[in-house]
Structure formats: C-alpha cells, structure tokens
C-alpha cells in the first residue's frame with residue numbers, strides 16, 4: 001500500500017508552520033504523484049492489450 005505524500009492534517013500543519021507556500025507545494029506533490037500513478041496504469045493496460053492481441 002502506498003502512503004499518501006500529504007494528508008489534510010499534515011498539509012494543515014505545514015501551512016501553519018511554513019506558510020501557504022508549503023501547503024501549495026504539498027498539494028502539488030500529491031497531485032503529481034496521482035498523475036504519475038495514473039499514467040503508469042495506462043501504460044500497463046496498453047502493454048497488456050498489445051500482448052493479448054499478439055496471442
């Protein structure tokens with residue numbers, strides 16, 4: 001299981017301790033990680049479909 005990079009409580013603490021820039025950075029990092037996982041899933045599914053069609 002993948003641990004989330006930022007959760008609501010950690011983002012809130014970062015915002016209080018380091019300002020809005022830290023909160024924005026954490027949220028952007030979380031969004032980026034989700035996008036990378038989605039792209040990897042699409043690549044895997046396309047590769048699997050190609051293998052199925054070859055057989």
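Numbering (the UniProt record's numbering), first residue to last: 1 to 55.
Ideal Cβ positions, reconstructed from N, Cα and C, are used throughout, including at glycine.
Exercise for the section: Hey, could you find the ends of the alpha helix (DSSP H) residue 51 is sitting in? Expected result: 20 to 54
Practice task
Decide if residue 53 is buried, meaning its Cβ has at least 16 other Cβ atoms within 10 Å, or exposed.
Solution key: exposed
Problem - C-alpha distance - residue 51 paired with residue 44, whole-angstrom precision - result: 11 Å
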